[in-house]
Amino acid sequence: MEVESAPTSELLCYKNQNNNNGTALGHKEVTAAAAEEDGDGDLQEEEAGGRTSRYGYAGGDDPDVAETNNGNGLPQVEDFDDDELEQVYRTVDSQRSATVQWMDDDEIERLDLSLSIDPTQIVFNRVDSADIIYQAKRKKCKLVGKYVMGDVLGEGSYGKVKEVLDSETLSRRAVKILTKRKLRRIPNGEQNVRREIKLLRTLHHRNVIELLDVLYNEEKQKMYLIMEYCVGGLQEMLDSVPPERKLPMHQAHDYFVQLLDGLEYLHGRGIIHKDIKPGNLLLTLDHTLKISDYGVAEALDEFAPSDECTTGQGSPAFQPPEIANGHDVFSGYKVDIWSTGVTLYNITTGLYPYEGDNIYKLLENIGKCKWVAPDWLESRLADLLTNILQEDPARRFSLQQIRQ
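Sequence positions in the sequence shown follow the numbering used here and run 21 to 424.
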């Protein structure tokens, strides 16, 4: 490709900001819009203009004879006065529709540019580039106390649950983040959280979630409950196997036995959970089941003569007939037994013993308590569930009877 140097007045110069010697280079070949192609395909210049090569010096065609600054051999860039700048702008305006091309390495070699400057000082500038360079945003590390915050594991009505790393022991933990603003919008929200913290501080069992630490940020009005890490919940596992949403019998049996172990520990300490369901049963990496969420749990007085309760705030589908029918007083332990039976039926069949189009119809169906085990249900499982899902709490199986 033949390249001619254009007159200095025809060049739009780009000065390297880091080069005080004034070296000006262009990285594209720009031809005037009025140029025409001849029969050989070469671009011809108009009489008033010239061709601008992809690479050129400002201040002269030959670097060997160009004026230099301080005798260092580098070409000098002249300062433009107002009239000369206006001429440059007119030249740019006439080239707005010019064709822009990039040269490959072979074409650059054929130019045989004998530059008399240090190659390390050459800076190429892209002209008219609309490219957007994406740079991934670096995540900032957030530290709360000694815990490094990680990804969100889940989110409930009370707040988010995130994975955290204990920076001292390098152990994985989970943190439940609670805000006062959100708790105040939930009926008995703050009271339930205080109750949960008080209970969890006293509980230590393989099948009960353990509270490890409690942090509070006064400025942000946030509370952080640090708990042992679980990879997921029983409900998430059921949701991952549609459409049946049930577990193999041997796996369901293993989780059910662990649930009984944890519940037996709680009842032995006078604690009634009141909201046993798959969503509140978490799993560790080694498939250990953990009973969690003690927001509506109740601790009986140490010298209480019985397990009688007066309030039930659990999930409607897992509530027994005595609560559905609005009884003022009922056995707290037998409430947990019923919920355990509904949970067993749910994880083995993917169904609920009682359903309804809305919460009122659901509670009405539970209150009638006319559940009969379906014919297709395995006989031993059907017999067990029939004795657990008894309308009369006095006839309902105890934990000891279930284990037999």
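Beta carbons are placed, not taken as given, at the ideal position from N, Cα and C, and that holds for glycine.
Being a predicted model, the structure only gives us computed values, none of them experimental.
Close CB contacts of Ser177 within its chain, under the 7 Å cut and outside five residues either way in sequence, are with Ile206 (chain order).
By the Cβ neighbour-count rule, Ser326 is exposed, with fewer than 16 other Cβ atoms within 10 Å of its own. Excluding sequence positions up to five before and after Tyr353, its CB lies within less than 6 Å of the CB of His287, Asp327, all in the same chain and listed in chain order. Distance from the CA of Gln420 to the CA of Leu283, rounded to the nearest whole angstrom, comes to 11 Å. Distance from the CA of Val234 to the CA of Gly332, rounded to the nearest whole angstrom, comes to 27 Å. Here Leu254 is buried. Its C-beta has 16 or more other C-beta atoms within 10 Å.
Judged by their CB atoms, Ala337 and Leu383 are not nearer to each other than the 7 Å cut-off.
Separation of the CB atoms of Thr330 and Asp348 is rounded to 6 Å, and the pair is thereby assigned contact status at 8 Å.
Beta-bridge pairing by DSSP links Cys329 to Phe350. Nearest to Leu223 by C-alpha distance, out of Ser418, Ala319, Asp403, is Ala319. A direct Cα-to-Cα measurement between Tyr249 and Glu183 gives close to 7 Å. Comparing C-alpha distances from Gly315 to each of Leu220, Met247, Asn407 shows the shortest one belongs to Leu220. Runs of the beta strand (DSSP E) lying entirely within the segment 239-301, each at least 3 residues long, are 242-248 in chain order.
Between the alpha carbons of Thr368 and Leu267 lies a distance of about 6 Å.
With contacts defined by Cβ atoms closer than 7 Å, Ile296 and Asp356 form a contacting pair. Residue state for Thr199 is assigned as strand, using DSSP reduced to three classes. When rounded, the separation of the alpha-carbon atoms in Val362 and Val277 is 15 Å. Rounded to whole angstroms, Leu303 and His273 show a C-alpha spacing of 15 Å. In the DSSP assignment, Tyr236 falls within the beta strand (DSSP E) that extends over 231-237. Between Thr360 and Ile408, the beta carbon gap of about 7 Å places them in contact (Cβ cut-off 8 Å).
Going by C-alpha positions, Pro340 is about 9 Å away from Gln410. Sixteen is the threshold: since fewer than 16 other Cβ atoms of the shown chains lie within 10 Å of the Cβ of Gly346, the residue is exposed. Leaving aside the five residues that flank Leu203 on each side, the residues in its chain whose CB is nearer than 8 Å to its CB run, in chain order, Tyr178, Gly209, Glu210, Val213.
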